[in-house]
Amino acid sequence: LGRGAELGILIKNAEAIEQASNVTTVVFDKTGTLTAGNLSVVDIVTFHEDEDGLISLCASLERYANHPVGDAVVLHAKSKGVLLEDAEEVKVFEGKGIVGTVAGRSIIAGSVAFIKEQGIDTKALEQDISQFEQQGKTVLVVADTKPLGIITLQDRPKEEAQVTLQKLKKRGKKTIMITGDNRFAAEAIAGEVGVDAVYSDVTPEAKMTIVKHLQSNGDIVAFVGDGINDAPVLAQADIGIAMGAGTDVAIEAGDVVLLRNRLGDVAVYFDLAVKVMQRIKQNIFWAFAYNMLLVPVAAGVLYPFTGFLIKPEFAGAAMALSSITVVSLSLALKKFKPDQSM
Numbered sequence: 014l015g016r017g018a019e020l021g022i023l024i025k026n027a028e029a030i031e032q033a034s035n036v037t038t039v040v041f042d043k044t045g046t047l048t049a050g051n052l053s054v055v056d057i058v059t060f061h062e063d064e065d066g067l068i069s070l071c072a073s074l075e076r077y078a079n080h081p082v083g084d085a086v087v088l089h090a091k092s093k094g095v096l097l098e099d100a101e102e103v104k105v106f107e108g109k110g111i112v113g114t115v116a117g118r119s120i121i122a123g124s125v126a127f128i129k130e131q132g133i134d135t136k137a138l139e140q141d142i143s144q145f146e147q148q149g150k151t152v153l154v155v156a157d158t159k160p161l162g163i164i165t166l167q168d169r170p171k172e173e174a175q176v177t178l179q180k181l182k183k184r185g186k187k188t189i190m191i192t193g194d195n196r197f198a199a200e201a202i203a204g205e206v207g208v209d210a211v212y213s214d215v216t217p218e219a220k221m222t223i224v225k226h227l228q229s230n231g232d233i234v235a236f237v238g239d240g241i242n243d244a245p246v247l248a249q250a251d252i253g254i255a256m257g258a259g260t261d262v263a264i265e266a267g268d269v270v271l272l273r274n275r276l277g278d279v280a281v282y283f284d285l286a287v288k289v290m291q292r293i294k295q296n297i298f299w300a301f302a303y304n305m306l307l308v309p310v311a312a313g314v315l316y317p318f319t320g321f322l323i324k325p326e327f328a329g330a331a332m333a334l335s336s337i338t339v340v341s342l343s344l345a346l347k348k349f350k351p352d353q354s355m
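Counted the way this note's numbering counts, the sequence shown spans residues 14 to 355.
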């Protein structure tokens, strides 16, 4: 655990070490985990608002969302000097969208599916939305009683994402990406990083269902995430791995926290946990074999046949040597170095 902390990996419980070598599937959230989480606004299409007005309405709501999409819209608004209004009666629907009152108007912002759930006709947007989604962009729709506009955003995979997934595959683990984003955006990222399977348009509740389904099929599942809506899944997974820059709720729910927020530390954690278990088994074997051999000798088993008897002071020294050996083997873990190769 001490070596893990030195490497920026906080392991909260012994089970996270014991189970690591048994994990068959590692499931990743997309935004902020496999991707940098630095979403940027790419396109703004307006229908009944000017561009600044649309951004103001959306950002005034989204600053309460505590989500990378909302953060990107707010950052864009501030960079453009757009004035934000106070929002009231704000309600966040995790993984779907947000509603509230801005400047006396009921405003909704979220996925096209969420906008439809609110009873708003989106037929006029479908061609634009389809085009943006095929470009791998995340589409955010803003509406009141009718669609007001579309804001698209795009993210990039973390530099170490592809290498990390390749390392996990070499260690015999299947990799899966789960995201609330549309299929095209999900597949674009999945293709770049090389995951084995991808689930798109997934709600927070559906994430739980997917993990439970994997577990029911006999998989030992580790989940890696960073958001508020990842907390229940982190708790459900056999091992929950939280990114250090994630929300407090996610960090609290995780069995393992990557303090440096480096995706590559997922592979380091698995390697360290496996090494620790190997050392524990070595220590148990050594202590068992040592005592099975020397305790009977110290008790005088050989005396009737050979006249050999270990003096008490030598027996005590031998016992101390056994303890020193076990401790020394354990301390050798301090020299553990992360695998830098492919």
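In this text, a Cβ means the ideal position worked out from N, Cα and C, and glycines have one as well.
Cβ separation of L276 and E173, assumed to be a contact under 8 angstroms, to the nearest whole Å: 5 angstroms
With distances taken between CB atoms, is the gap from Q167 to T151 smaller than 9 angstroms? yes
In the DSSP output, which residue or residues are listed as bridge partners for G124? The sequence shown places Ser at residue 124, rather than the Gly named in the question. None; S124 has no bridge partner.
Name the DSSP beta bridge partners of S53, please? Q167
G149 - DSSP class collapsed to helix/strand/coil: coil
Beta-carbon contacts of F145 that lie in its chain and below 6 angstroms, excluding the five residues immediately before and after: V152, T165
Cα-Cα separation between E218 and A244, rounded to whole angstroms: 11 angstroms
Could you check how far apart the C-beta atoms of N195 and S213 are, in whole angstroms? I think they sit under 8 angstroms. 6 angstroms
Can you tell which of P325, D134, R273, K171 has the C-alpha that lies nearest to the C-alpha of T158? D134
So is K294 buried or exposed if we call it buried at 16+ other beta carbons inside 10 Å? exposed
Counting C-beta neighbours from all protein chains within 10 Å, is the total for M190 16 or more, i.e. buried, or is it exposed? buried
To the nearest angstrom, how far is the alpha carbon of T216 from that of V125? 13 angstroms
When you compare the segment 63 to 73 with the segment 112 to 121, are there three or more beta-carbon pairs, one atom per stretch, that lie closer than 8 angstroms? yes
For the beta strand (DSSP E) containing A100, name the first residue and the last one. 100 to 106
Determine whether the beta carbon atoms of T48 and I202 lie at a separation below 9 angstroms. yes
Once you ignore the five residues that flank L378 on each side, which residues in its own chain have a CB closer than 7 angstroms to its CB? The structure shown does not extend to residue 378, since the chain is modelled only from 14 through 355, so no value can be given for it.
Rank S336, D278, Q249, V270 by C-alpha distance to the C-alpha of K180 and give the top, closest one. D278
N- and C-terminal bounds of the alpha helix (DSSP H) containing A263: 261 to 266
Check whether the Cβ atoms of V234 and A255 lie closer than 9 angstroms to each other. no
From G113 to D84, what distance separates their C-alpha atoms? 17 angstroms
Taking DSSP as the reference, what is the three-state secondary structure of S119? strand
Less than 9 angstroms between the C-beta atoms of E98 and V115, yes or no? yes
Does DSSP put T177 in a helix, in a strand, or in coil? helix
Alpha carbon to alpha carbon, what distance is there between V58 and E64? 8 angstroms
If you compare alpha carbons, which of A263, D251, F318 is closest to E31? D251
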